[in-house]
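Asker:
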Amino acid sequence: MKVIQLFKNDALLIKRAAAGNRQAQRKIYEKHSAKMLSICRQYVKDLHHAEEVMLNGFFKVFTHLKDFRDEGSFEGWMRQIMVRESISFLRTDKRSMFAEDEVPENADFSYCFTSEFNAAHIQKVIDSLPEGYKMVFLMYAVEGYKHHEIAKMLNITEGTSKSQLFKARKMLQEKLEQENKTEYGTGKI
Amino acid sequence: MEPERFENNVKKLLEGREIQPSAAGWEKLEQRLEQGRKKPTYLLWITAVAAVAALFFVLGTFFDSPFTSEAPQVVEENSALPVLQEKTSEPEVIQIAASEENEKVEEEEKPSAERPVKNAIFEAPVASVSEAESEVASGNFSEATEEKKPLKEIQSAEDNVEVAVNENRAAVSDNEVEALLLLATAELKADTTFTVNSKDLLYQVEYELEQSFRQKVFEVVKEGISRAKTAVANRDF
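Same order as they appear, the protein sequences are chains A and F.
Just so we're aligned, residue 1 is where the first sequence starts under my numbering, counting upward by one.
Just so we're aligned, residue 1001 is where the second sequence starts under my numbering, counting upward by one.
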């Protein structure tokens, strides 16, 4: 027997999920959970905690689904919620430290990045960064937030955000260079 | 340029990454959603506020105007009035005492069924009172002339009457008591204006009990507040 697809498009799915339809909510969860867990995992080192954060994020998604407007993409809206939830988790965990430093102008970066690096390896390197560096780097580089947005979300100054990004970049450069020397040899991209 | 290229690569790698959550993930989420549906937080708040409001309402109605009728009212009475009342009431006892001997005689003379002991008492007073008064007060002491007499005389007469009553009190027999009771019953029956409303009586008793209970509750509350104030002032909490 051919399974009839109940929800043909995302808009209808979202509408029904917002009305509390559990089946529609499950469809959304199954569709996006893997990607959302990946986002949470970027910020939260422990996978179990990351999954907990993701579930909290989905809970907020489903309970505030009526607030979602079709101005942006649904996935983007969910990503924002997941990032905020991850930041909230790290804040409650009190592991993020933001030290204010001067940002040197025209700092030179030459990353050693081989094509053999995969996502898991990059994640490992990012995990080794201090929480403050990691958060700013991920928000700036991966999520595309501006410094003033990061400053507002993390309740820090713009200068601190820039400083944290600079330090994160520098630390990443050092770590990748070190790994290149030991494992992959040198290779710039 | 270098950082941007690196960050773009990182972004591509991380964005393309997917991690499958555990199988129990959806069940957990569904459970939370069910709990959230059953007890939304705002409903809890509304319930709590309603409960507090109801409590205040009940307390407000229960302790309505607590300070208006708490204290017992003091009514000033004319000091001369009790003396007069005593005067009017005491002679009856004196009558009984004085007519004791007469009653005994009458009893010996076999009282009729229609006119029991009560009648003897009804009939006796006028003479016996005057006798008792003449014996005790040694003068013309009567209600009609009482107001005209000087205060000292009245006082001395009172004292004498009391002494006489105390002397004769021990001599009051059971028959006399019964006769008095019969007399009082007959008077009450005869007096149509005197009625006892049971409901009013009950309300009065309940009101008095309620007043005392309120007073106790307020005393406890006052004590608690004063203790809390002291504790806050001393930072002893």
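Using N, Cα and C, we set each Cβ at its ideal position, and we do this for glycine too.
It should be emphasised that the depicted structure is a prediction, and the values quoted were computed from it without experimental measurement.
1. Ordered along the chain, which non-local residues of its own chain (more than five positions away) have a Cβ less than 6 Å from that of Tyr194(A)?
2. Taking the straight line between their C-alpha atoms, what separation do you get for Leu154(A) and Glu131(A)?
3. With DSSP collapsed to three states, give me the class of Phe166(A).
4. Roughly how many angstroms lie between the CA atoms of Leu1181(F) and Val1205(F), to the nearest whole one?
5. Residues of chain A with CB closer than 7 Å to the CB of Trp1026(F), please, in chain order.
6. Check whether the Cβ of Gly57(A) sits closer than 7 Å to any heavy atom of the ligand PLP, and report yes or no.
7. Quick check on the DSSP output: the alpha helix (DSSP H) that includes Val142(A) runs from which residue to which?
8. Would you mind working out which of Ala18(A), Asn56(A), Lys45(A) and Gln178(A) sits nearest Ser33(A), comparing C-alpha positions?
9. Given a cut-off of 8 Å on the beta-carbon distance, is the pair Lys162(A) and His147(A) in contact?
10. Between which two residues does the alpha helix (DSSP H) carrying Gly20(A) extend?
11. Starting from the beta carbon of Gln1020(F), find every residue of chain A whose beta carbon is closer than 9 Å, and list them in chain order.
12. Measure the Cβ-Cβ separation of Leu37(A) and Met54(A) and say whether it is below 8 Å.
13. Smallest Cα separation from Phe89(A): which of Arg69(A), Ile122(A) and Glu51(A)?
14. Leaving out five residues on either side along the sequence, give the residues of the same chain with a beta carbon under 6 Å from the beta carbon of Ile81(A).
15. Would you mind working out which of Arg1005(F), Lys1011(F), Ala1231(F) and Gly1025(F) sits nearest Ala194(A), comparing C-alpha positions?
16. According to the Cβ coordinates, are Phe74(A) and Asp10(A) closer than 8 Å?
17. For a contact defined as C-beta to C-beta under 8 Å, what are the partners of Val1232(F) on chain B?
18. In chain A, which residues lie with their C-beta within 7 Å of the C-beta of Leu1029(F)?
19. For Ser1089(F), which residues from the same chain have a beta carbon less than 8 Å from its beta carbon, with the 5 sequence-adjacent residues on both sides left out?
20. List the whole-angstrom C-beta distance separating Tyr29(A) from Leu1029(F), where the pair is believed to meet the contact cut-off of C-beta under 8 Å.
21. Return the first residue and the last residue of the alpha helix (DSSP H) that Asp127(A) is part of.
22. Suppose you measure from the CA of Met171(A) to the CA of Gln1031(F); what does that come to, to the nearest Å?
Answerer: By the coordinates alone:
1. Beyond the ends of chain A as shown, which are 1 and 189, falls residue 194(A); an answer cannot be given.
2. 12 Å
3. helix
4. 26 Å
5. Arg26 and Tyr29
6. Only the bare structure without any ligand can be found here, which leaves the ligand PLP out of the picture.
7. Note, Val142(A): premise wrong, no alpha helix (DSSP H); not H, not E.
8. Asn56(A)
9. yes
10. Taken as a continuous stretch (DSSP letters only), Gly20(A) belongs to no alpha helix (DSSP H), as it is neither H nor E.
11. Ser33, Ala34 and Leu37
12. yes
13. Glu51(A)
14. Gly57, Lys60 and Val61
15. The requested residue 194(A) does not occur in the structure, where chain A is confined to residues 1 to 189.
16. yes
17. No chain B is present in this structure, whose protein chains are A and F.
18. Tyr29, Leu55, Phe58 and Phe59
19. For Ser1089(F), the pLDDT reaches just 49, beneath the cut-off of 50, and the residue's location in the model is therefore unreliable, although a value from the coordinates is still provided. Hits under 8 Å: none found.
20. 7 Å
21. Ala119 to Asp127
22. 42 Å
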